């Protein structure tokens with residue numbers, strides 16, 4: 274919806290001006306407009322370094338939906354293999370066509386973005402594709418795509434530009450590497466791919482590409498799933514290694530350069546690459562200081578994301594940011610050091626970063642500002658999901674955090690492997706799927722963390738998130754009737770603890 278150009282009553286043009294179209298920004302804008310406030314969103318939708326376009330809709334449209342589509346593409350490849358055990362006789366091997374997948378995903382993302390714009394219009398939210406920069410306390414300089422500038426005043430300013438993938442500061446990174454924003458813009462399959470980064474994003478893209486039949490190497494720079502439960506992270510890595518994904522530990526990428534063109538000798542739609550235009554030679558340095566060179570068709574950087582706060586004029590009005598991450602310091606009310614400026618979503622310093630959390634926080638912020646509500650966003654027990662083929666979902670504390678906070682003697686970890694019924698006919702690995710529940714012994718074994726590794730882990734977890742909000746205990750889990758057939762029932766029959774398992778292993782019985 275185009276903003277009105279005529280004068281408004283009072284000293285402000287808008288009750289709220291949101292800089293950035295992140296998920297939290299969209300949520301706070303729609304909720305405020307629903308409370309009959311005049312709201313404007315500014316989002317320039319700056320393309321990636323390599324020119325890949327970004328759509329309005331924040332992480333929900335530009336990140337999460339794509340993650341899910343790519344995971345599904347990979348899972349369907351595995352399902353084709355399993356289908357023969359279920360009686361399906363395929364007449365020929367089904368090739369994967371990269372261009373078809375890329376086009377379908379990009380079209381769907383564009384369609385979803387158009388739906389977001391329609392929602393904003395229906396809610397009465399004004400939107401301009403423009404850059405916003407704070408120049409005075411309540412004043413934002415608006416620079417539109419055509420270069421036109423103007424000043425707008427708002428009573429409340431909300432910072433919600435989200436974040437973007439980072440590049441390594443090494444020779445050849447920006448010239449030759451791609452990020453998650455660019456992968457589907459490639460006109461060809463990525464071919465032999467080096468994924469740099471052990472983040473959830475890195476593992477997801479590595480597993481997706483491997484699921485399409487492409488050779489993949491993961492360079493775990495700096496670590497494997499930092500901040501996640503490390504025992505669960507190792508199980509994800511082990512599953513990927515057993516499947517055939519190569520991983521490199523304690524190494525760093527030092528340089529990326531283009532080599533001479535070579536003849537493309539690969540076969541199949543998913544493995545043909547741009548090798549006729551030359552390959553990429555990477556220089557890797559080990560922890561001992563030794564160097565190694567390898568050739569790849571594509572180098573995908575997944576080394577973290579950087580908050581898009583560097584050019585918003587925050588320093589002009591005294592909004593404080595972390596010098597390391599560039600993320601904004603906020604209090605429990607999502608308020609910055611400037612009392613009428615707020616921040617939501619992944620630009621907040623020291624807070625979990627998920628789309629669902631950003632939407633929830635943005636909605637509550639609007640209600641506190643314009644409905645005299647006092648409910649604060651709870652930034653604890655935030656559910657997360659890693660969309661690898663062997664999906665991982667968790668809520669609450671990691672085992673490491675629980676032991677540090679309460680002491681190992683006060684923490685009990687119940688765990689079990691399980692075998693999904695649908696995996697029995699194709700005889701998939703019986704010891705791949707795994708759950709564990711972390712409990713605080715002195716507090717009636719209150720559940721501190723739930724962790725699931727297996728099919729549809731995120732969907733299974735959602736109900737347990739609500740239960741944990743209500744103070745779920747192990748006794749209540751045990752009193753829950755399991756649903757047959759189904760995988761989630763494993764949580765109602767956990768009897769073995771890690772202490773028991775470790776004792777059996779020490780006695781040689783396991």
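Residue numbers (our numbering): 274 to 783. Where is the CB? At the ideal position from N, CA and C, for every residue including glycine. Predicted model, so just to flag it, every value in this text is computed and none were measured.
query: Separation of residue 453 from residue 527, as counted between CA atoms; result: 20 Å
query: Nearest neighbour of residue 419, chosen from 317, 295 and 681 [CA to CA]; result: 317
query: Bridge-paired residues (DSSP) for residue 214; result: As displayed, the chain neither begins before 274 nor continues past 783, which places residue 214 out of reach and without an answer.
query: Member of 323, 321 and 331 whose CA lies at the smallest distance from the CA of residue 294; result: 331
query: Backbone CA spacing between residue 475 and residue 610 [nearest angstrom]; result: 34 Å
query: Nonlocal neighbours in the same chain, by C-beta distance under 8 Å from residue 656, ignoring five residues either side; result: 627, 629, 666, 667, 668, 731, 734, 735 and 738
query: 8 Å contact criterion, which residue 586 and residue 408 should meet: CB distance rounded; result: 6 Å
query: CB of residue 517 within 8 Å of CB of residue 496, strictly; result: no
query: Whole-angstrom distance between residue 729 and residue 377, CA atom to CA atom; result: 23 Å
query: Residue 480 versus residue 414: straight-line alpha-carbon distance, rounded; result: 43 Å
query: Reference residue 635; option with closest CA among 362, 592 and 291; result: 291
query: Pair within 8 Å by beta-carbon distance, residue 477 and residue 660; result: yes
query: Extent of the continuous beta strand (DSSP E) to which residue 556 belongs; result: 553-559
query: Span of the beta strand (DSSP E), counted from its first residue to its last, around residue 581; result: Looking at the DSSP string, residue 581 is not in any beta strand (DSSP E), and its letter there is neither H nor E.
query: Environment of residue 371 [buried if 16+ CB atoms lie within 10 Å]; result: buried
query: One or two residues paired with residue 513 in a DSSP bridge; result: Answer is none; residue 513 lacks a bridge partner.
query: CA-to-CA distance, residue 488 to residue 541, given in whole angstroms; result: With a pLDDT of only 41 at residue 541, under 50, the local geometry of the prediction cannot be trusted, and the value read off the model is given with reservation. Those two C-alpha atoms are separated by around 13 Å.
query: N-terminal and C-terminal residue of the alpha helix (DSSP H) that residue 305 is part of; result: 296-307
query: Cα-Cα separation, residue 308 to residue 299; result: 14 Å
query: Beta-carbon gap between residue 578 and residue 568 smaller than 8 Å; result: no
query: Cβ shell of residue 336 (< 8 Å), same chain only, five flanking positions each side left out; result: 453 and 628
query: Boundaries of the alpha helix (DSSP H) in which residue 650 is found, first to last residue; result: Element bounds for residue 650: n/a, residue is neither H nor E.
query: Exposed unless 16 or more other CB atoms sit within 10 angstroms - verdict on residue 498; result: buried
query: Ranges of the beta strand (DSSP E) found wholly within the region 299-369, counting only runs of at least 3; result: 312-315
query: Integer Cβ distance of residue 683 from residue 724, believed to fall under 8 Å; result: The Cβ separation is near 19 Å, so there is no contact.
query: Cα-Cα separation between residue 726 and residue 381, rounded to whole angstroms; result: 29 Å
query: C-alpha distance - residue 545 paired with residue 571, whole-angstrom precision; result: Confidence in residue 545 is poor, its pLDDT being 46 and thus under 50, which makes the residue's placement unreliable; the coordinate value appears in the next sentence. Spanning the two alpha carbons is a distance of roughly 12 Å.
query: The region 339-358 / the region 427-443 touching (three or more Cβ pairs under 8 Å); result: no
query: Sequence-distant residues of the same chain with beta carbon closer than 6 Å to residue 703, five excluded per side; result: 692
query: In DSSP terms, what residue 289 is bridged to; result: 312 and 429
query: Proximal residues to residue 746 (C-beta, below 6 Å), its chain only, five neighbours per side dropped; result: 717, 718 and 719
query: Cβ neighbour criterion (16 or more within 10 Å) applied to residue 772; result: exposed
query: Check whether residue 529 and residue 403 have beta carbons under 8 Å apart; result: no
query: Cβ pair residue 523, residue 556 closer than 8 Å; result: no
query: Contact set for residue 329: own chain, Cβ-Cβ below 7 Å, skip 5 residues either direction; result: 294, 316, 318, 386, 389 and 390
query: Rounded C-alpha distance that separates residue 343 from residue 591; result: 41 Å
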